[in-house]
Each structure stands twice: as structure tokens, then as C-alpha cells.
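This report refers to the structure that appears directly beneath it.
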Amino acid sequence: MRLMVYSHDTFGLGNIRRMLSICEYLLESIPNLSILLISGSPMLHSFRMPVGLDYIKLPCINRSYSGKLSPKYLGTQTDETLKLRADIILASTANFKPDLILVDKKPYGLNQELKPTIDYIKHFLHNTKLVLLLRDILDSPEITINEWKQQSYYTAIQWLYDKVLVVGSPEVFDFCKEYKCPPAVACKVQQCGYIRKFVNRHPGNELHKSSTNPQEKLVLVTPGGGEDGYHLLSHYLSGLAILPAKHDIKSTIVVGPEMPQHHKQALYQVAQQYPHVQMCEFTDQLTMYMSLADVVICMGGYNTICEVLSLHKKAIVVPRNRPVAEQCIRAERMAKLGLFQMVHPDSLTSEKLMRSLLTELHKPQTTSPQFSIDLNALPRISQCIQMLLNNEVAHGKQYLPQEKLQWLATYPKSVIC
């Protein structure tokens with residue numbers, strides 16, 4: 005069986021980390037599966053790839069806070085780069101001939117770059133299934149509903165997709181209700197729960213608490229990819245200076261590979277004055293670091309939150325509130341359920357962060373939180389994909405009449421010859 009995975013990749017590491025977790029589980033649970041991953045993530049090569057998965061790297065596209073797209077590294081025009089990406093995706097599909105394509109986040113891909121590929125599937129790969137994979141929360145309902153109507157995403161799901169898998173729980177955010185999915189879309193949506201994260205222990209690369217002092221507490225601080233994580237880390241380092249000396253705290257700070265170099269240098273310079281602060285730019289073993297921590301301070305990205313919940317860690321979450329509201333909504337909803345403590349980014353100060361940290365450090369560790377979150381997304385995704393691959397689920401997509409697919413006629417078919 006051949007599975008192609010398209011991973012959205014314009015900001016941070018969240019999408020590629022989530023899709024790799026899913027791919028690894030699918031390879032372990034579905035016999036004779038081969039996965040071709042397509043992504044423009046600049047950090048793709050830094051992750052451990054499971055046996056059975058290979059990838060094609062697309063040219064990187066950067067998205068600004070205003071939403072503007074531009075090439076991240078190539079000195080080419082944006083339109084040229086986007087067309088190059090679309091051509092690569094189309095050629096890969098034509099040659100790999102996947103049995104199923106798992107599309108991340110946007111039904112038509114970044115800037116509609118999947119439309120030529122969907123056209124090709126419609127005409128030449130009639131048995132190929134299309135599945136849309138969405139995180140629990142996309143943006144505020146108002147913005148998401150408006151975008152989905154403008155971009156015809158509801159229509160795309162109704163006519164082109166077999167299934168929509170949402171890696172979230174309705175107890176936190178009821179996807180169909182919040183985003184007002186019409187019945188023809190809602191009937192294809194399955195909320196699978198959140199993704200359980202596992203501690204991957206690679207031989208000879210174990211991490212341990214180095215201190216023999218039982219009173220010493222380990223705090224892990226991570227802003228995810230780090231592109232907009234400077235203020236959180238700066239407030240944390242400044243806060244260490246005002247902590248009473250009686251608190252024995254060791255800090256591990258994972259800066260993130262996408263933090264601008266001048267911010268990174270400034271943080272490393274400040275950190276030099278603290279002997280109990282360990283800094284690193286990136287690790288593909290973040291879950292292992294987190295498993296050793298007494299408290300986690302982080303932003304509100306999907307993967308980091310899933311790691312916190314999977315490991316039952318005490319956490320202080322300072323979510324991103326732009327360019328989308330996703331992290332703030334997730335953090336607010338989960339904080340109300342008692343899953344962790346949230347500090348709003350607009351009210352973040354070093355003093356408030358340290359008060360929150362001491363509160364968490366003094367809380368007793370509990371293995372039974374007041375709300376039990378559903379972390380069974382991976383087996384549900386695997387079951388759904390196996391059923392689709394085995395044709396145990398009737399086709400959910402209804403192909404649009406040719407006159408409604410005018411956008412297909414403009415794409416040069418010579419690319420796939």
C-alpha cells in the first residue's frame with residue numbers, strides 16, 4: 005500500500021512534527037505500507053525518519069504575520085516558487101501513484117498548490133482516496149468560517165474528500181459546531197481525540213537528571229520552533245534573577261531552530277550568567293527532555309500541548325495570539341478544564357511568570373487530573389486509513405461536474421508527461 009502525505013509548512017515545526025508522529029504510527033500498525041512525505045519544512049532532515057518513509061523536500065515558503073507568502077531561501081519570485089512546488093507535488097503523485105493521500109490543513113494546499121494534483125487524481129487515479137487531516141482548532145470561528153467560504157473549502161470537502169480527520173476532542177472544541185460545517189461536510193468529519201506522545205529512547209542516547217540533590221527542580225522551557233519565542237524566553241531568564249536564592253532550580257531551554265539569529269545571540273549572552281541554565285537550539289528528543297522535567301513552560305502549540313498532556317506534566321502555557329488565535333483558544337479551553345495553568349501573552353511579565361512557576365513547583369504531582377483528555381487519535385486514524393485502503397468504507401466524495409472545475413483547465417498537463 006502506498007500513502008502520500010502532504011504537510012503544510014509555512015510557519016514553525018508544528019505541522020511536520022504532527023505528521024511525522026502520525027506516519028510513524030501508521031508504519032507500525034499497517035502492514036506493507038510505504039509512505040512518501042512531501043513538505044517544505046526547513047528542518048525536515050533533522051528528524052529521525054522511520055523505516056518505510058521517504059520524503060521529497062519542497063522549496064521553503066515563509067509566511068509573515070500579515071499572511072504574506074515569500075520564498076524563504078531562493079532568490080525567486082513568489083509565483084515562480086509556488087508553481088515549482090505545485091509541479092513537484094504533481095510529478096511525485098503521477099509517479100508514486102498513491103493509494104491514499106493524507107492532506108494536512110488546507111483542502112487545496114498552500115496557495116491552492118494541490119489543485120493540479122487533485123485534477124490529476126480525478127482523471128487518472130480514480131481509486132486514490134483523499135483524506136484531510138486537521139488539528140483541533142484552526143483559528144477563531146469567525147475567521148475560519150469566512151476563509152472556508154471564500155476559499156470554497158466546504159465545497160472541496162463535500163465533493164473531493166473521502167474523510168476529514170480532526171485530531172481533537174469535542175469536549176475541548178466541537179469542530180463541526182464551532183465552524184458551522186454543513187451536513188454534507190459534517191458527515192465526513194471524525195474527531196479522533198488528541199495525539200498521544202511517546203518517549204523515544206534511542207540506545208546510547210539516554211538523558212538523565214544529572215543532579216543528586218533531591219530538592220533541585222528541573223524546568224523545561226520551550227517556545228516550539230522559536231520564530232516568535234523570544235519574549236517568553238527573555239521574560240524567563242529575567243525572572244531567574246528575582247527568584248529567592250532558596251529555590252534550587254535547574255533550567256533547560258530549547259530555543260528553537262527558527263528563532264532569528266540576533267534574538268538567539270541575545271538570549272545566549274544573558275544565559276551565561278546563570279550556571280544552572282542549559283541552552284540548546286533544537287532536539288528531536290523533546291519528549292524525553294519533558295519526561296524529566298518537574299514543570300514545563302511553553303507556548304500553546306498542538307504538539308507541545310499533546311506532550312504535556314501525554315506525560316501528565318505540570319505546565320505554564322503562554323500561547324501565541326497572532327497571526328491566528330488557535331493557541332489562545334486551545335490554552336483557554338484546556339486551562340478551564342484544569343489541565344494546566346495559562347498566562348495570556350498580553351499580560352506576561354517576568355514577575356508573573358516566576359509566581360506561576362513557584363505555584364506549579366509547590367503543587368503535588370497527580371496522575372489523575374480532574375479532566376481526562378482523549379489521547380487516542382493515532383489508533384483511530386490508523387483504523388480509518390486501513391478501512392479506506394481496504395475499500396471497507398464507501399466513497400464519500402462526489403466528483404464535481406466538469407463545468408464546476410474551471411480552475412483545472414488552466415494547468416499545463418505537460419508537467420506530468
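Numbering (the working numbering), first residue to last: 5 to 421. Using N, Cα and C, we set each Cβ at its ideal position, and we do this for glycine too. Please read all numbers here as calculations on a predicted model, not as lab measurements.
Quick one: any contact between the segment 330-349 and the segment 292-311, if contact means 3 or more CB pairs under 8 angstroms?
-> yes
Give a yes or no on contact between the segment 359-368 and the segment 127-143, applying the rule of three or more CB pairs nearer than 8 angstroms.
-> no
Quick one, are the C-beta atoms of Ile246 and Glu355 less than 8 angstroms apart?
-> Within the sequence shown, the letter at position 242 stands for residue 246. Within the sequence shown, the letter at position 351 stands for residue 355. Yes, Cβ-Cβ distance for Ile246 and Glu355 is below 8 angstroms.
Of the listed residues Tyr183, Asp298 and Leu222, nearest to His280 (C-alpha basis) | Residue 280 sits at position 276 when you count from the first residue of the sequence shown. Considering only alpha carbons, the answer is Leu222.
Along the chain, which unbroken stretches of the beta strand (DSSP E) at least 3 residues long are found entirely within the segment 13-45?
-> 38-43
What residues in its chain sit with their C-beta under 6 angstroms from that of Met346, if we drop five residues either side in the sequence?
-> Counting from 1 along the sequence shown, the entry for residue 346 is found at position 342. So the list reads Val321, Ala335 and Ala339, once near-sequence residues are dropped.
Give a yes or no on contact between the segment 21-33 and the segment 52-61, applying the rule of three or more CB pairs nearer than 8 angstroms.
-> yes
Contact set for Gly400: own chain, Cβ-Cβ below 8 angstroms, skip 5 residues either direction = As a position in the sequence shown, residue 400 is number 396, starting the count at 1. Note on Gly400: pLDDT 49, under 50, position unreliable in the model; the coordinate value appears next. If we look at Gly400 and ignore the five residues flanking it on each side, its Cβ neighbours are Tyr165, Asp166, Lys167, Cys191 and Lys192.
Opposing strand residues paired with Tyr59 [DSSP bridges] | Within the sequence shown, the letter at position 55 stands for residue 59. In the DSSP output, where bridge partners are listed per residue, Tyr59 has Leu41.
Rounded separation between Ile253 and Glu220 - CA only | Your numbering for residue 253 matches position 249 in the sequence shown. Your numbering for residue 220 matches position 216 in the sequence shown. The alpha-carbon atoms of Ile253 and Glu220 are separated by roughly 6 angstroms.
Where in the segment 128-202 do unbroken runs of the beta strand (DSSP E), each at least 3 residues long, occur, reported from the N-terminal end onward?
-> 133-139, 167-171 and 193-195
For Met47, which three-state DSSP category applies?
-> As a working mapping, residue 47 is identified with position 43 in the sequence shown. Coil, per DSSP.
Pairwise C-alpha distance: His127 and Arg337 | The residue you call residue 337 lines up with position 333 of the sequence shown. The residue you call residue 127 lines up with position 123 of the sequence shown. Spanning the two alpha carbons is a distance of roughly 44 angstroms.
Based on Cα-Cα distance, which residue from Pro327, Leu343 and Ser74 lies nearest to Gln369?
-> In the sequence shown, the residue the question calls residue 369 occupies position 365. When each option's Cα is compared against that of Gln369, the closest is Leu343.
Report buried or exposed for Lys133, applying the criterion of at least 16 other Cβ atoms within 10 angstroms of its Cβ.
-> Taking the sequence shown and counting its residues from 1, the one referred to as residue 133 is at position 129. Buried, by the Cβ-count rule.
Starting from Cys64 and walking both ways along the beta strand (DSSP E), at which residues does that stretch end?
-> What you label residue 64 is simply residue 60 of the sequence shown in a count that begins at 1. Careful: Cys64 lies outside any beta strand (DSSP E) and carries neither H nor E.
Backbone secondary structure at Leu104 - three-state DSSP = Taking the first residue of the sequence shown as position 1, residue 104 is located at position 100. Reduced to three states, the DSSP call for Leu104 is strand.
Could you tell me which of Val170, Asp58 and Asp83 sits nearest to Asn66, measuring between CA atoms?
-> For the purposes of this step, residue 66 is taken as the residue at position 62 of the sequence shown. It is Asp83.
With DSSP run on the structure shown, which of helix, strand or coil describes Lys76?
-> Start at 1 with the first residue of the sequence shown, and residue 76 comes out as number 72. Residue state, collapsed to three classes: coil.
Beta-carbon proximity check, Thr159 vs Tyr183, cutoff 8 angstroms | What you label residue 159 is simply residue 155 of the sequence shown in a count that begins at 1. What you label residue 183 is simply residue 179 of the sequence shown in a count that begins at 1. In this structure, Tyr183 does not lie closer than 8 angstroms to Thr159 by Cβ.
By how many angstroms is the C-alpha of Pro227 removed from the C-alpha of Leu236?
-> Numbered from its first residue, the sequence shown carries residue 236 at position 232. Numbered from its first residue, the sequence shown carries residue 227 at position 223. Taking the straight line from one Cα to the other gives about 7 angstroms.
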